[in-house]
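Whatever position you read off the first sequence (first residue = 1), add 200 for our numbering.
For each residue, glycine too, the CB sits at the ideal point set by N, CA and C.
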Amino acid sequence: MNAKIQTSVPLQIYTRLKPSDLPISTAELAKALIGCTLVRETPEGVTAGRIVEVEAYVPGDPASHAFRGKTPRTAAMFLSPYRAYVYLSYGTSWCMNVSSEPEGHGAGVLLRALEPLEGIPLMQIRRGTHTLRDLCRGPGRLCQAMAIDRSLNELDLLQQNALYLAAPVRKTGRVRKSKRIGISKAPDRLLRFYEAENSFVSGPRSLSP
DNA sequence: TAGGCGATGCTCT
DNA sequence: GAGCATCGCCTAG
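Here's what the structure looks like:
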């Protein structure tokens, strides 16, 4: 294997998103995030990927962790917009949301899949696989590949260097919506958004309405 | 490639 | 103690 040398600075210049680039509305933010770049900088190197699949968990949504009110775990969902909400799912996998409503409202956008852009050898080491398609396909895999864990909970995704959102690196394809994956409450709401015909999208494609 | 299934351990009631 | 916004492995087509 001819692994590339990792650097601690991005190989590509990413244009950070500003608050004025993004809507403050959960479903609108979910759509807007498709095609944007998520960048992670660690001492081991930089990893980055295009966001290709998300799910919106809107205020008053029974499927949302915030539905029952603020708890120590879900506090990040109640912060100002564009903060990271990182939680452990099924005791095995970290999952990451972006807070999406004004402070105190409790909502978020779950990142479900990325298309790897940079730091692929590092992602392969973290994931223990060389299969490109499986590096960031699924919310738990995405967090493992990007080294996202609870230490990044409540991080401001527009202000910090460790993890931040950046502008798309290329034109975003058609965005489609469908039912959300793996939930038992409000399963019929069309709040999953993904880039059509992108092979890095997770879940069954038959969920499309 | 798609679908089924069991392991997993944290969170909340 | 029950539920769960998942994953990896296995099998079938």
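For this session: In the DSSP assignment, find the beta strand (DSSP E) that holds LEU288 and state where it starts and stops.
Result: For the purposes of this step, residue 288 is taken as residue 88 along the first sequence, with counting starting at 1. Here the beta strand (DSSP E) through LEU288 covers 284 to 289.
For this session: Please find out if some non-hydrogen atom of the ligand NAP comes closer than 7 Å to the beta-carbon of PRO316.
Result: No copy of the ligand NAP appears in this structure; indeed no ligand is present at all.
Problem set entry | Supposed close pair MET277, ASN297 - CB separation, criterion 8 Å | As a working note, residue 277 is residue 77 in the first sequence. As a working note, residue 297 is residue 97 in the first sequence. Rounded, the Cβ-Cβ distance is 7 Å, consistent with contact.
Problem set entry | N- and C-terminal bounds of the alpha helix (DSSP H) containing GLU303 | On the first sequence, residue 303 is found 103 positions in, with the first residue counted as 1. Where GLU303 is concerned, there is no enclosing alpha helix (DSSP H), given that its DSSP letter is neither H nor E.
For this session: Mind reading off the beta-carbon distance from PRO368 to CYS236? Whole number of angstroms is fine, and I expect it under 8 Å.
Result: For the purposes of this step, residue 368 is taken as the residue at position 168 of the first sequence. For the purposes of this step, residue 236 is taken as the residue at position 36 of the first sequence. Rounded, the Cβ-Cβ distance is 6 Å, consistent with contact.
For this session: For LYS377, name the three-state secondary structure that DSSP assigns.
Result: On the first sequence, residue 377 is found 177 positions in, with the first residue counted as 1. Here LYS377 sits in strand by DSSP.
For this session: Taking 8 Å as the cut-off, decide whether the C-beta atoms of HIS305 and PRO272 are in contact.
Result: Locating residue 305 in the first sequence gives position 105, counting from the first residue. Locating residue 272 in the first sequence gives position 72, counting from the first residue. Against a cut-off of 8 Å, the Cβ pair of PRO272 and HIS305 comes out as no contact.
For this session: Would you identify the three-state DSSP class for ASP334, choosing helix, strand or coil?
Result: Position 134 of the first sequence, counting from 1, holds the residue named residue 334. DSSP places ASP334 in helix when its eight states are reduced to three.
Exercise. What first and last residue would you give for the alpha helix (DSSP H) that runs through GLU245?
Worked result: On the first sequence, position 45 is the one that residue 245 refers to. Sequence check: residue 245 is Gly here, not Glu. Not the alpha helix (DSSP H): GLY245 falls in the beta strand (DSSP E), residues 245 to 257.
Problem set entry | Residue of PRO210, ALA256 and LEU317 minimising C-alpha distance to ALA232 | Against the first sequence, residue 232 aligns to sequence position 32. For the residues PRO210, ALA256 and LEU317, the minimum Cα distance to ALA232 belongs to ALA256.
Exercise. What do you get for ALA396, buried or exposed, if any count of 16 or more other CB atoms within 10 angstroms of its CB means buried?
Worked result: One-based indexing of the first sequence puts residue 396 at position 196. So ALA396 counts as exposed.
Exercise. From LEU310 to LEU211, what distance separates their C-alpha atoms?
Worked result: Counted from its first residue, the first sequence places residue 310 at position 110. Counted from its first residue, the first sequence places residue 211 at position 11. Whole-angstrom Cα-Cα distance: 27 Å.
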